[in-house]
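Engineer: Let me give you the structure first, and then I'll get to my questions.
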Amino acid sequence: MSAGEPIRYGGWGPDRQTWLLGLTGAAWTAVVAAGLPLLGAVGAHRWTVAAGWLAVWLFTVAGVAVPVRGRPGLTWLRDVTMRGVGAAMGWTRWQSRAATGHPGDHPGDHGRADLPGVLSGITTHDGPPFGPLQTRHALVHDTAAGTWAVVARVWHPGIGLTETGHRARMAAGLAELLEGAATAELVSVLALQVRTLPDDGAERAVWQRNHLRPDAPALSRQVSDQLSAAVVAAAVRHETFVTVVVPEQRIARASRQAGGGIDGRARVLHSVMAEVEARLVDQIGATGVAWLDSPSLAAAIRTGFAPGERAALVDAALGAGPRLPMAAAGPSSAPSPAARHWVHDAWSSVTCTVLLPDKGAVMGALAPVLAPAQAGERRSMTVFLEPIPAGRADRLVGREAISAGTAAELRTRMGFATRAAHRRDAARVGDHDARLASGKALVRTAIAAATTVPSTWSIAEAGRGLEATIRAAGFTPLRLDLAQDSGFAAACIPLGVGLPRRRGGL
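Start counting at 1 in the sequence shown, then tack on 44, and there's your number in the working numbering.
Listed below in structure tokens is the structure:
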């Protein structure tokens, strides 16, 4: 590789190692178990029973072994059934308490989060004063998942004009951050979210209002207004958030030593925040990191649901107006989610997961996904990084090595040819083992991307545009059918919700 050639990163693999013909051990167990009664009926010459069990066995094979848009047939059947039951019972329709005129039964309810779907278990607390400005940062408690999180707004110059060496150093800084989190065994998920939205010119409007001279020439004011209108119509704005998620079971003991309760958990999170901020600034190249308090977090959540309300929120934050309470951060209403998109207030969104390519990718390859296809569209993408502790990572890699060896032995005994993909997967497992032995961390990764447009636009066209840009970037889109509301929460709301648990563990 030459000095100016960008580094291609890869080496990732599936969450679970398959054994033979793309099936896991559990899938093969289901196929064999469903076929045993068929073999017994054939051996007993009970042909009527054998014909019945043949239909059952074929249905099981089709449901377990035939993937449809990333999910087996039986999983689709379960999801469609659950969605139908939820829609029939009215469980999928949602309306905020503020929209009904009754935000809560107690005076303090205006500060409580009121969010739909998978975000309904979110509660927020104001932590003790932290930092030189003695700011009371917002602590996000997900009661359903049993996690605590803090959210930071990050300013970064980007990598578009950086050289290859500088990009490599920033990538190494992110790797060191994840390795430190895996060693400390406290942080479970680090979520990096970037939102690209149309520039509403809110900051410029506030500055002009505060600095405009009343005796300015009319022609100068007219030219300034025309320039502002032209620039705002063509400009976009980037928002970057970093969410640090810590499970309750990992923070409980340390929080008791720090005083217990919410303040004790906040003090433990303060140390994590200081470490993450130092690495973001020193090694990853961020120019500023601001941990959000409750009003700022409420504004970030509200603009996630309704991008068009950012101008009013900025005007209130920079002026003397009241700041947004947490109870009003969510949408006013959300009807039952459609199969392939979600409508929230006056906006519609489509969310896709992004499958990583086997050939690897260079840093910045997903940048085109964040470029809106038309004025007024908002693009958002979240990368979830789960650093796995060394002990559990060693066990996972050990099991994957055993699975790879078993699969190779089965293919040899059954006469199947060993293809290049099989050799690549075996080499990938060996590479993971070697990296763990050298002190590197094993990181679980997931990416969710979304597009949001006004509900009067064609959401189907916007969804096809999002999928086209993902494919053009060299990745594979997989739309989250039947789970668009959950996908939207993962891709657009910076609360760290979205990465599913792996094999029942955090």
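Glycine is no exception: its CB is placed at the ideal position from the N, C-alpha and C atoms.
Quick caveat: nothing in here was measured; it's all calculated off a predicted structure.
For TRP101, report the span of its alpha helix (DSSP H) as first-last.
Structural biologist: As a working note, residue 101 is residue 57 in the sequence shown. Unbroken alpha helix (DSSP H) run through TRP101: 91 to 109.
Engineer: Taking all protein chains shown into account, decide if ARG52 is buried (16 or more other Cβ within 10 angstroms of its Cβ) or exposed.
Structural biologist: Translated into positions along the sequence shown, residue 52 becomes position 8. Label assigned to ARG52: exposed.
Engineer: Which stretch, first to last residue, makes up the beta strand (DSSP E) that contains THR144?
Structural biologist: For the purposes of this step, residue 144 is identified with residue 100 of the sequence shown, where counting begins at 1. THR144 -> no beta strand (DSSP E), and no H or E assigned at all.
Engineer: Go through its chain and collect everything with a Cβ distance to VAL93's Cβ below 7 Å, but skip five positions before and after it.
Structural biologist: Here the question's residue 93 lines up with position 49 in the sequence shown. Answer for VAL93: ALA85, listed in chain order.
Engineer: Let me know the secondary structure DSSP gives GLN301 once reduced to three states.
Structural biologist: Taking the first residue of the sequence shown as 1, we reach residue 301 at position 257. Three-state DSSP puts GLN301 in a helix.
Engineer: In angstroms with no decimal places, state the Cα-to-Cα distance between TRP192 and ALA330.
Structural biologist: Residue mapping note: residue 192 aligns to position 148 of the sequence shown, counting from 1. Residue mapping note: residue 330 aligns to position 286 of the sequence shown, counting from 1. Rounded to the nearest angstrom, the two C-alpha atoms are 24 Å apart.
Engineer: Note down the Cα distance separating ARG90 from TRP97, rounded to an integer number of angstroms.
Structural biologist: Counting from 1 along the sequence shown, the entry for residue 90 is found at position 46. Counting from 1 along the sequence shown, the entry for residue 97 is found at position 53. Looking at the two C-alpha atoms, the distance is approximately 11 Å.
Engineer: Taking LEU410 as the reference, give the member of ARG127, THR125 and GLN237 with the closest Cα.
Structural biologist: Translated into positions along the sequence shown, residue 410 becomes position 366. For the residues ARG127, THR125 and GLN237, the minimum Cα distance to LEU410 belongs to GLN237.
Engineer: What does a CB cutoff of less than 6 Å around GLY54 pick up in its chain, not counting 5 residues either side in sequence?
Structural biologist: Residue mapping note: residue 54 aligns to position 10 of the sequence shown, counting from 1. Only GLY404 meet the Cβ criterion.
Engineer: Can you check which of these residues, PHE519, GLY518, ALA517 and ALA493, is closest to GLY507 by C-alpha distance?
Structural biologist: By 1-based counting over the sequence shown, the position of residue 507 is 463. Taking only the C-alpha atoms, the option nearest GLY507 is ALA493.
Engineer: Bridge partners for ARG488 per DSSP, in chain order?
Structural biologist: Here residue 488 refers to the residue found at position 444 when the sequence shown is read from its first residue. Looking at the DSSP assignment, ARG488 forms a beta bridge with GLU430.
Engineer: Taking DSSP's pairing of strands, which residues face MET425 in a bridge?
Structural biologist: One-based indexing of the sequence shown puts residue 425 at position 381. Paired residues: VAL238 and ALA493.
Engineer: Sort VAL289, GLY171, LEU118 and GLY420 by Cα distance to ASP186 and report the nearest one.
Structural biologist: For the purposes of this step, residue 186 is identified with residue 142 of the sequence shown, where counting begins at 1. When only C-alpha atoms are compared, the closest one is VAL289.
Engineer: How many whole angstroms separate the CB atoms of ASP243 and ALA279, which I take to be in contact at a CB cut-off of 8 Å?
Structural biologist: Indexing the sequence shown from 1 puts residue 243 at position 199. Indexing the sequence shown from 1 puts residue 279 at position 235. That belief holds up - the Cβ atoms of ASP243 and ALA279 are roughly 4 Å apart, short of 8 Å.
Engineer: Nearest to THR136 by alpha carbon, out of ALA534, HIS388 and ARG423?
Structural biologist: By 1-based counting over the sequence shown, the position of residue 136 is 92. Nearest C-alpha to THR136: HIS388.
Engineer: Going by C-alpha to C-alpha distance, which of ARG113, ARG115 and ALA78 sits closest to GLY100?
Structural biologist: As a first step, residue 100 must be located in the sequence shown, where it is residue number 56. The amino acid occupying residue 100 in the given sequence is Val; Gly does not appear at that position. It is ALA78.
Engineer: Could you say which of GLY130, ARG423 and SER268 lies nearest to GLY348 if we only look at CA atoms?
Structural biologist: To locate residue 348, count along the sequence shown from 1; it is residue 304. Checking every option, the nearest Cα to that of GLY348 belongs to ARG423.
Engineer: Answer yes or no: do TRP391 and SER268 have a C-beta to C-beta separation smaller than 8 Å?
Structural biologist: On the sequence shown, residue 391 is found 347 positions in, with the first residue counted as 1. On the sequence shown, residue 268 is found 224 positions in, with the first residue counted as 1. Not closer than 8 Å, so no.
Engineer: Which same chain residues end up closer than 6 Å to PRO172 when comparing Cβ atoms and leaving out the 5 residues on each side of it in sequence?
Structural biologist: Counted from its first residue, the sequence shown places residue 172 at position 128. Cβ neighbours of PRO172 beyond the five flanking positions: ASP307 and ALA310.
Engineer: Assuming GLY382 contacts GLN528 under a Cβ cut-off of 8 Å, what Cβ separation, rounded to an integer in Å, is found between them?
Structural biologist: Against the sequence shown, residue 382 aligns to sequence position 338. Against the sequence shown, residue 528 aligns to sequence position 484. According to the sequence provided, residue 382 is Ala. The question's Gly does not apply to it. That belief holds up - the Cβ atoms of ALA382 and GLN528 are roughly 7 Å apart, short of 8 Å.
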